[in-house]
Amino acid sequence: MSRPGLNQRITRNCPFSRTLLLLLLLLTLVGGAASCRRSTGSSPEEKGSRKGKPAASRSSASAAIPVTTAPVQVRSVRRTLDFVGTFYANNEVTVSSEIEGQVIRVAFDLGDRVAAGSLLAWLDARESDLKLRRALSELQRDLAQLGLSLDGSGHRPGPVGGAAPERGEGPLRASETLPGNHPEDALNIERVSTVLRARATLDDAASNLQRVKSLYESRVVSQQEYDAVLTRFTLAQANLQAAQEEVRSLIASVKAKREVVALAQKELSDTEIRSPLEGYVFQRHLSSGEHVKVGAPLFTLVDADPIKLRGEVPERFAAELKIGQWVEATVESFAGEVFSGELRRISPASNRESRSVLIEALLSNRDGRLKPGFFAKGAIVARTADQALMVPADSLVAFAGVTKLFVIGGGRAQERLVQLGVRQGEEVEILRGVKAGEQVAISGLTRLSQGRQVSVSGR
Numbered sequence: 001m002s003r004p005g006l007n008q009r010i011t012r013n014c015p016f017s018r019t020l021l022l023l024l025l026l027l028t029l030v031g032g033a034a035s036c037r038r039s040t041g042s043s044p045e046e047k048g049s050r051k052g053k054p055a056a057s058r059s060s061a062s063a064a065i066p067v068t069t070a071p072v073q074v075r076s077v078r079r080t081l082d083f084v085g086t087f088y089a090n091n092e093v094t095v096s097s098e099i100e101g102q103v104i105r106v107a108f109d110l111g112d113r114v115a116a117g118s119l120l121a122w123l124d125a126r127e128s129d130l131k132l133r134r135a136l137s138e139l140q141r142d143l144a145q146l147g148l149s150l151d152g153s154g155h156r157p158g159p160v161g162g163a164a165p166e167r168g169e170g171p172l173r174a175s176e177t178l179p180g181n182h183p184e185d186a187l188n189i190e191r192v193s194t195v196l197r198a199r200a201t202l203d204d205a206a207s208n209l210q211r212v213k214s215l216y217e218s219r220v221v222s223q224q225e226y227d228a229v230l231t232r233f234t235l236a237q238a239n240l241q242a243a244q245e246e247v248r249s250l251i252a253s254v255k256a257k258r259e260v261v262a263l264a265q266k267e268l269s270d271t272e273i274r275s276p277l278e279g280y281v282f283q284r285h286l287s288s289g290e291h292v293k294v295g296a297p298l299f300t301l302v303d304a305d306p307i308k309l310r311g312e313v314p315e316r317f318a319a320e321l322k323i324g325q326w327v328e329a330t331v332e333s334f335a336g337e338v339f340s341g342e343l344r345r346i347s348p349a350s351n352r353e354s355r356s357v358l359i360e361a362l363l364s365n366r367d368g369r370l371k372p373g374f375f376a377k378g379a380i381v382a383r384t385a386d387q388a389l390m391v392p393a394d395s396l397v398a399f400a401g402v403t404k405l406f407v408i409g410g411g412r413a414q415e416r417l418v419q420l421g422v423r424q425g426e427e428v429e430i431l432r433g434v435k436a437g438e439q440v441a442i443s444g445l446t447r448l449s450q451g452r453q454v455s456v457s458g459r
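When we follow the UniProt record's numbering, the leftmost residue of the sequence shown carries the number 1, and every step to the right adds one.
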């Protein structure tokens, strides 16, 4: 038995069901399309966008690079070898004591300028003066026996004090007492009084012997009388020889005593401490009243005009060093001022540790402003060039030991390997690789390469 009620409800609801089914089908189709797009990739717009990017990149790669340029200029330059060094005195001496004694007076101190021969200090000269006087007295005695004297002695008798001598006063000086010649060297011993007397006695004895001998032969005088006269003659001969030997001995004694006098004179002169050079007192090692021994240092003196500058130059530049090259130096004490001189000495060997060559220059120092021990920066002028090609230092690119730059011409960059010379301020000398007047890039260097298109934006 049929159920008409149910069939009638379904029939009445059919239009709504069909609508619902259509909506469900539409939603299913939309979801499938979205899933399809996700699985197959980007949208057409995105694809079109990606296709456009390589084109833009290719356009950017072919675009000209903006650069700034500067010309290669011709200038005068100097090739200098720079070094650092220290100033030394041209001469430095330590004045030492030659004798032992007490310091009486000191005339100079640290930093004082002294002339060659200046009296720096005095030692007590009394004992040395007495030695000289005694030696002169003994010499004079021997000379007197020879009939000689110390001509022009200028002997000043009287006691000698220990105070510092003044002009015209003070200890006896051997130079004031000894003549320049030695008369005993040319002395004729036959003219010495003792020899003259002995000669006269011998002549008289010889004459008497001749007379008595004639009488003896005539048998007028006896043998005894003749023998007595002969004996006197023989004695006279011996006396003459003795007188001559005595004179010779006196001459030898005079020579020996002159040496004693010379030694006494030196000892006395050594009580005066004199400067051996013109310069400055670098150190004073003594004080008044101090007792000094032989060899004790008294003063250290320096001669600093000209002054020495010593430094070391790398051995790779040794071939460029030549005696007489101009040298310039600067010191911190006189900033901005340049002192000049010339290269005087070059070491014949290189220092194994520093691989450098020791050099020495002499610089004028008349005003004494440069002091031994000053640190200095020096430069040796090794070469000068009037037609040097110069470029800005900013134009250079260095990599792996190679230096290059970019020459700009015809809107393109040309890479050039260059050999460098002297750096002068902000410019560098180019020995090989460019020509005068060419334009070199000074900006954008990291983006440039051989043949790259460029646009010059300014100079």
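For every residue, glycine included, the Cβ atom is placed at its ideal position computed from N, Cα and C.
Tell whether a beta-carbon distance below 8 Å holds between residue i and residue j.
i	j	result
Val-428	Leu-396	yes
Asn-239	Ala-200	no
Ile-307	Leu-370	yes
Glu-315	Ser-347	no
Leu-209	Val-229	yes
Thr-446	Ala-376	no
Val-381	Gln-325	yes
Asn-90	Ala-304	yes
Val-106	Ser-275	no
Leu-298	Leu-286	yes
Leu-143	Ser-137	no
Arg-258	His-182	yes
Val-357	Val-418	no
Glu-320	Leu-119	no
Gly-311	Phe-83	yes
Val-407	Val-434	yes
Arg-284	Asp-394	no
Ala-309	Gly-378	Residue identity check: residue 309 is Leu in the sequence provided, not Ala. Yes.
Where does residue i fall in DSSP's three states?
i	result
Ser-128	helix
Arg-75	strand
Ala-400	coil
Leu-150	coil
Arg-452	coil
Val-434	coil
Pro-314	strand
Leu-321	coil
Pro-44	Reliability of the predicted coordinates at Pro-44 is poor, the pLDDT of 42 falling under 50, and no value is obtained from them.
Cys-14	Because Cys-14 carries a pLDDT of 45, less than 50, the predicted location of this residue cannot be relied on, and the following value inherits that uncertainty. If DSSP states are grouped into helix, strand and coil, Cys-14 belongs with the helices.
Ala-335	coil
Ser-340	strand
Ser-287	coil
Arg-173	With a pLDDT of 44 at Arg-173, under the threshold of 50, the predicted position of this residue should be treated as unreliable, though the coordinate-derived value follows. It is coil, neither helix nor strand.
Asp-367	coil
Which partner residues does residue i have in the DSSP bridge list?
i	result
Gly-101	Val-292
Asn-188	Bridge partners of Asn-188: none, in fact.
Ser-96	Pro-297
Gln-419	Arg-432
Asp-303	Asn-91
Val-195	Note: Val-195 sits in no beta bridge, so no partner.
Tyr-280	Arg-113, Val-302
Asn-351	Ser-356
Thr-201	Its beta-bridge partners do not exist; DSSP assigns none.
Pro-392	Glu-427
Ala-121	Val-106, Ile-273
Thr-69	Ala-441
Gln-414	Val-407
Phe-375	Thr-86
Quick one: residues in its chain with C-beta nearer than 7 Å to the C-beta of residue i, no 5 flanking neighbours on either side, listed in chain order?
i	result
Asp-270	Glu-98, Ile-99
Arg-452	Ile-65, Arg-412, Ala-413
Arg-248	Ile-189
Glu-342	Gly-324, Gln-325, Trp-326, Val-327, Ala-361, Leu-362
Gly-295	Ser-96, Ser-97
Gln-244	Ile-189, Val-195
Asn-365	Ala-304, Asp-305, Pro-306, Ile-307
His-291	Gln-102
Can you list, in chain order, the residues of its chain with a C-beta nearer than 8 Å to that of residue i? Leave out the 5 residues immediately preceding and following it.
i	result
Met-390	Val-72, Gln-73, Val-74, Arg-75, Val-77, Gln-424, Glu-427, Val-428, Glu-429, Ile-430
Gly-162	Below a pLDDT of 50, predicted positions are generally treated as unreliable, and Gly-162, at 41, falls in that range; no measurement from the model is reported.
Glu-92	Phe-282, Thr-300, Leu-301, Val-302, Asp-303, Pro-372
Thr-68	Ala-441, Ile-442, Ser-443, Gly-444, Val-456, Ser-457, Gly-458, Arg-459
Leu-202	Phe-233, Ala-236, Gln-237, Asn-239, Leu-240
Ala-116	Ser-275, Pro-276, Leu-277, Glu-278
Gly-437	Pro-71, Val-72
Gln-140	Ser-149, Leu-150
Arg-191	Gly-147
Can you list, in chain order, the residues of its chain whose CB lies under 6 Å from that of residue i, leaving out five sequence neighbours each side?
i	result
Arg-355	Glu-315
Arg-113	Tyr-280
Ser-128	Glu-267, Leu-268, Thr-271
Phe-339	Ala-329, Leu-363
Ignoring anything shorter than 4 residues or poking outside the segment 204–280, list the alpha helix (DSSP H) runs there in chain order. 223–269
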